[in-house]
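Visitor: Here the working numbering is used: position 126 in the sequence shown is 126, and no number is missing along the way.
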Amino acid sequence: MKLPIIYLSHYNKEWGEIHYKHDTDAGFDLRFAGDKPITLNFGDRFILSTGIKMAIPEGFELQIRPRSGLSAKQGIGIVNSPGTIDKAFRGEIKIMLCKLSKSLEGVEDKPFVIEPGMRIAQGVFAKFQKVDFQGVDSFEDTTSRGEDGLGSTGLF
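#1: Can you give me the C-alpha to C-alpha distance between T142 and G69, rounded to a whole angstrom?
#2: Would DSSP call G69 helix, strand or coil?
#3: Apply the 10 Å Cβ neighbour rule to P66 and answer buried if 16 or more other Cβ atoms are within range, or exposed otherwise.
#4: Between the Cα of V124 and those of A26, I93, A88, K94, spot the shortest distance and give me the residue it belongs to.
#5: Just mark K99 as buried or exposed, buried being the case when its beta carbon has 16 or more other beta carbons within 10 Å.
#6: Can you tell me whether F128 is buried or exposed? The criterion is at least 16 other CB atoms within 10 Å of its CB, across all chains shown.
#7: Using the Cβ count rule (16 or more neighbours within 10 Å means buried), how would you classify Q134?
#8: Rounded to whole angstroms, what's the CA-CA distance from E115 to G154? Just pull it up for me.
#9: I'd like to know whether the C-beta atoms of L40 and P111 end up nearer to each other than 8 Å.
#10: Would you mind sorting T50 into buried or exposed? The rule is 16 or more other CB atoms within 10 Å of its CB.
#11: Label I47 either buried or exposed according to how many other C-beta atoms from any shown protein chain fall within 10 Å of its C-beta, with 16 as the threshold for buried.
#12: In three-state DSSP terms, what is E61?
#13: Where does the unbroken beta strand (DSSP E) through A55 begin, and where does it stop?
#14: So if DSSP puts V124 in a beta bridge, which residue, or which two residues, is it bridged to?
#15: Beta strand (DSSP E) containing R211: first to last residue?
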């Protein structure tokens, strides 16, 4: 399936076109298309430009997800993870990054600098199914779990 992409003027062509790094990858990298570095301290969050627009195919959403290496090594995450880009959206894709935690033990805890061109997130296309919502007074079936939630199954 071909996907129309517009590369905006602040997307550096030297970074190459958007692509999957490996044939078996579900996600593709999104880069920071700013003109100067941004420093993230613990608790900071920024909305970062990617320099691209996409026409999402019918029946799909684009999910914006964290990159595992940034999360594991630097405590960098996405505020609204996963973010959803709907088919009707035609603006620039932006990423809400934050420094959620201090770095892992053994990794120096210092501010994280996001450089222009750095791969900051990944995009994954996902099919979705729409439903018709119907208000009811109770559900026809019961389950063994019932209304238990938020950690009710324990840790082990």
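Don't be surprised by glycine CBs; every beta carbon is placed ideally from N, CA and C.
Guide: Put simply:
#1: Their backbone Cα atoms lie some 41 Å apart in a straight line.
#2: Of the three classes helix, strand and coil, the one that applies to G69 here is helix, per DSSP.
#3: That one is buried.
#4: Measuring from the Cα of V124, the nearest candidate turns out to be A26.
#5: Burial check for K99: the Cβ neighbour count within 10 Å reaches 16 or more, so the residue is buried.
#6: Exposure of F128 is indicated by the presence of fewer than 16 other C-beta atoms within 10 angstroms of its C-beta.
#7: Per the 10 Å Cβ criterion, exposed.
#8: So the alpha carbons of these two residues sit roughly 41 Å apart.
#9: Yes, Cβ-Cβ distance for L40 and P111 is below 8 Å.
#10: Residue environment analysis places T50 among the buried positions, since at least 16 neighbouring C-beta atoms fall within 10 angstroms of its C-beta.
#11: With fewer than 16 other beta carbons inside 10 angstroms of its own, I47 counts as exposed.
#12: The answer is strand: DSSP assigns E61 an E or B state.
#13: For A55, no beta strand (DSSP E) segment is defined, and its DSSP state is neither H nor E.
#14: Beta-bridge pairing by DSSP links V124 to Q63.
#15: In the structure as shown, the chain begins at 1 and stops at 156. Residue 211 is therefore absent and cannot be evaluated.
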